[in-house]
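Colleague: Residue numbers (full-length UniProt numbering): 1 to 286. Have a look at this one before I ask anything.
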C-alpha cells in the first residue's frame, strides 16, 4: 500500500507519513515482530485492533494525563485517507523522549531472567521468593533504550534515564508511567484481564508530556486471562507470546531470517488479539 503522502519512517509494525501542519499519519500494518525480527507472515486485522484499542485507551486515560498536566497525541482516527481507514491515526508531531517507559506489575519475560540472575531488574531491587508470574509488591518503572529495527531494546537504570532526559523529566516520566499503568491495570482487571506489564512512549510539546504511539495493546503489553493466572509458570496470554512460544519450539535460532507462521498459529494469534479488544472494550470487533 502506498499513500500520496511523504513517508517519514517505517518501523516494525507502523508506517509514519507527513500529514502537514505539524501532523503525522500513523498507519498500523498487520506485520508482527518477535525477538527483534519482523516475521514474514502477517496477522489479519492486527493493525485495526492496535489502532482501535489505542484510540479507546486514550479516552480511558485522559483524566490521568490531565492530572499530570499531560495529554495524548491523537487528533483524529476518522479524518484519515479511506485506504487506511480503521488502521490509522492522525496525530501531533512531537519531539520524542529517547527512552521507552516500561511499567511492570508482575514478574515475567526478561524481567524474570534478570531477577533470577541478580534479584533485581537493573537497579530495581525486588523481594526474594518471586517466580514467573508473581505479582510485585508495587508496580516498578524499568525504562529501556529505543532500538532501531533489528536491534534489541536495552534495559537501563533510572540514573541513565536522568542522564538522557534530566532529573525532573525522568521523575515525571516515571510517575506518569506508573499512574497510567495503575489505571490500565484497574480497567483490565474489571474486564477479567491481568495487565502484567506495558511500555509507553512520550513526546514533548512545550513543557507538557504527550502520550504517543500505541497504548496498552497486545503488542506493547502482556495481557493474561485473570481466571488462569497462577504464578510459577509462563502464563496463557492474549498477546504475541503465543507467537514467541511457537518460534521457540520451531528451533529457529533468532539470527537467520524467521520462518513463515503456520495457518493455525496465524488464526490463533488473530483470535487472541480480537479477544483482548472485545474483553477490554466490551464491544464486538466485527
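Every residue gets a Cβ at the ideal spot worked out from N, C-alpha and C, and that includes glycine.
1) Who pairs with residue 121 in a beta bridge, going by DSSP?
2) Return the chain-ordered list of same chain residues with a C-beta closer than 7 Å to the C-beta of residue 202, the five sequence neighbours on each side being excluded.
3) Between residue 150 and the rest of its own chain, which residues show a CB-CB distance below 8 Å, the 5 nearest in sequence each way excluded?
4) Note the first and the last residue of the continuous beta strand (DSSP E) segment covering residue 75.
5) Helix, strand or coil: which one does DSSP assign to residue 95?
6) I'd like the list of long-range same chain contacts for residue 175, defined as Cβ closer than 8 Å, with 5 residues on each side in sequence excluded.
7) Which residues share a DSSP beta bridge with residue 135?
8) Would you mind reading off the limits of the alpha helix (DSSP H) that contains residue 246?
9) Residue 54 by DSSP, collapsed to three states: which one?
10) Closer than 8 Å by C-beta to residue 114: which residues in its own chain qualify, once you throw out the five before and the five after it? Chain order, please.
11) Between the alpha carbons of residue 204 and residue 281, how many angstroms are there, rounded?
12) Let's test the definition: count the other Cβ atoms within 10 Å of the Cβ of residue 273 and tell me whether it reaches 16, buried, or not, exposed.
13) Between the alpha carbons of residue 161 and residue 28, how many angstroms are there, rounded?
14) Which word fits residue 157, buried or exposed, when buried means at least 16 other C-beta atoms lie within 10 angstroms of its C-beta?
15) Over what stretch of residues does the alpha helix (DSSP H) that includes residue 213 continue unbroken?
Modeller: Judging by the given coordinates:
1) 124
2) 97, 101, 173, 209, 210, 211 and 212
3) Confidence in residue 150 is poor, its pLDDT being 49 and thus under 50, which makes the residue's placement unreliable; the coordinate value appears in the next sentence. Closer than 8 Å at Cβ, skipping near neighbours: 36 and 37.
4) 74 to 76
5) strand
6) 68
7) Looking at the DSSP assignment, residue 135 forms a beta bridge with 106.
8) 241 to 250
9) helix
10) 120, 121, 122 and 155
11) 28 Å
12) buried
13) 28 Å
14) exposed
15) Taken as a continuous stretch (DSSP letters only), residue 213 belongs to no alpha helix (DSSP H), as it is neither H nor E.
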